[in-house]
Amino acid sequence: MKWICLVLIFSVLYNVYIFARFTKFWRSTKYAPSEHHSNDIKVISVNVYQFNTAYERLVELINREQPDIFLTMESNLDWENAMQPLEKDYPYSQKIALENTYGMHFYTKLKVISLKVHHFVADDLPSIEAEIETNDGYRFVFFGVHPPPPSPTEEATSKERDGDLLSVAKQVKDYKLPVFVTGDFNTVAWSRASILFKKTSGLIDARYGRGYLATFHTKYWFFRIPLDLLYHSSTIFIRYLKILPSIGSDHFPIMSIFYIDKNNDEQESDIKTLDSDEKIEVEELIEEGKEEVSDNRQ
109 MKWICLVLIF SVLYNVYIFA RFTKFWRSTK YAPSEHHSND IKVISVNVYQ FNTAYERLVE
169 LINREQPDIF LTMESNLDWE NAMQPLEKDY PYSQKIALEN TYGMHFYTKL KVISLKVHHF
229 VADDLPSIEA EIETNDGYRF VFFGVHPPPP SPTEEATSKE RDGDLLSVAK QVKDYKLPVF
289 VTGDFNTVAW SRASILFKKT SGLIDARYGR GYLATFHTKY WFFRIPLDLL YHSSTIFIRY
349 LKILPSIGSD HFPIMSIFYI DKNNDEQESD IKTLDSDEKI EVEELIEEGK EEVSDNRQ
């Protein structure tokens with residue numbers, strides 16, 4: 109009985125430690141920018157919910173906040189048409205209008221060097237990659253993701269989601285430019301999939317020390333979890349991370365403001381790496397994700 113109590117106490121303390129990192133009580137150093145840092149860059153990311161028809165609420169939000177970049181998920185052709193008035197301010201875009209709830213649209217005011225659409229595990233599950241140059245000449249890579257959740261109405265297992273996320277992580281891990289990854293991850297920041305994503309990519313979880321910041325579900329205040337996540341390189345510094353008011357979707361929009369600067373040793377210490385067993389696990393999860401898609405399509 110004593111051993112059971114000890115195990116329970118250890119389990120409680122371990123979970124408190126995990127959740128503490130996603131509160132404002134956790135270390136969150138305010139770094140002093142160097143004299144060579146970039147101007148601030150504002151990003152809004154939101155799962156609009158494909159069947160939400162309150163299109164004007166998103167348009168009003170973008171007009172009010174004037175982000176440099178915004179990303180929408182679950183956006184179909186109706187949403188694409190509704191966002192057309194915004195294009196006068198956002199000359200660069202990548203539009204993927206799908207009716208399967210995995211459409212994605214990317215818009216930016218900043219100069220785009222290159223745009224790519226990836227389909228890592230399935231032809232109907234896109235990710236968007238953009239190499240961007242700021243107005244003051246700093247370049248970085250933006251990645252927008254939206255893998256499927258494991259659920260009775262979506263996927264029977266998490267294999268497709270995990271394979272997609274870890275494929276993105278592998279894609280960006282050796283990039284020389286700063287990397288910024290955001291979107292609806294359909295998993296929480298402390299899940300096994302998120303931990304492996306963080307370690308594989310070599311990126312930092314922007315939520316550390318900034319609060320729980322739950323984005324789903326907008327209608328149930330008593331049950332909200334953070335599904336819309338954000339990871340970044342050690343040379344990207346988050347000034348501000350905030351949940352914005354509802355636009356009628358089941359997800360709240362999330363807004364971040366960051367700048368690019370020289371490397372900081374203290375921030376770099378937040379980067380964790382895979383051990384040998386985890387490397388094998390990552391490769392297996394990617395292959396299982398692809399196999400799951402292949403089996404489901406037969």
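Here the sequence shown is numbered in our numbering, starting from 109 and rising by one per residue. Backbone N, C-alpha and C define an ideal beta-carbon position, used for all residues, glycine too.
Check                                                                                                                                                       : Outcome
When you compare the CB positions of F366 and I149, do they come within less than 8 angstroms of one another, or not?                                       : yes
If you pair each beta-carbon of the region 221–237 with each one of the region 265–275, do three or more pairs fall below 8 angstroms?                      : yes
Please identify the residue among H325, K306, V296, S354 whose C-alpha is closest to the C-alpha of L169.                                                   : S354
Look up T216 in the DSSP assignment and give the residues it is bridged to.                                                                                 : I177, Y200
If you draw a straight line from the alpha carbon of I126 to that of E399, how long is it in whole angstroms?                                               : For I126, the predicted structure reports a pLDDT of 47, less than 50, and the residue's modelled location is therefore unreliable. A value from the coordinates is still provided. Taking the straight line joining both Cα atoms gives about 32 angstroms.
Given a threshold of 16 other Cβ atoms within 10 Å of its Cβ, counted over all protein chains shown, does R172 qualify as buried or as exposed?             : exposed
Flag this pair as touching only if the region 171–186 and the region 377–384 have three or more C-beta atom pairs under 8 angstroms; answer yes or no.      : no
Going by the CB atoms, is the gap between L352 and F345 shorter than 8 angstroms?                                                                           : no
So, at 6 angstroms on beta carbons, what are the nonlocal neighbours of H145 in its own chain, with the 5 sequence-adjacent residues on each side left out? : Y367, D369
Hey, would you say E241 sits closer than 8 angstroms to K224, going by beta carbons?                                                                        : no
Determine the DSSP secondary structure at L382, reduced to helix, strand or coil.                                                                           : coil
Roughly how many whole angstroms lie between the Cα atoms of E386 and L304?                                                                                 : 8 angstroms
Would you decide whether I333 is buried or exposed? Buried here means 16 or more other CB atoms lie within 10 Å of its CB.                                  : exposed
Can you tell me where the alpha helix (DSSP H) holding S153 begins and where it ends?                                                                       : From DSSP, S153 is part of no alpha helix (DSSP H) but of the beta strand (DSSP E) over 149–155.
Please return the same chain residues whose Cβ sits closer than 6 angstroms to the Cβ of E207, not counting the five positions on each side in sequence.    : N184
Can you tell which of S201, A162, L349, I221 has its C-alpha closest to the C-alpha of Y215?                                                                : S201
From W187, A140, Q192, pick the residue whose C-alpha is nearest to that of Y163; which is it?                                                              : W187
Are N155 and D292 close, meaning C-beta to C-beta below 8 angstroms?                                                                                        : yes
List the endpoints of the continuous alpha helix (DSSP H) containing E376.                                                                                  : 373–376
Quick one: grab the DSSP three-state call for F413.                                                                                                         : What is shown of the chain runs 109 to 406, which leaves residue 413 out entirely.
Sort out for me which residues DSSP pairs G291 with in a bridge.                                                                                            : V253, L337
Specify the secondary structure class of P258 as computed by DSSP and reduced to three states.                                                              : strand
DSSP three-state call for E349: helix, strand or coil?                                                                                                      : For the record, residue 349 in the displayed sequence is Leu; it is not Glu. It is a strand residue.
Could you check if F228 is buried or exposed, using at least 16 other CB atoms within 10 Å of its CB as the buried criterion?                               : buried
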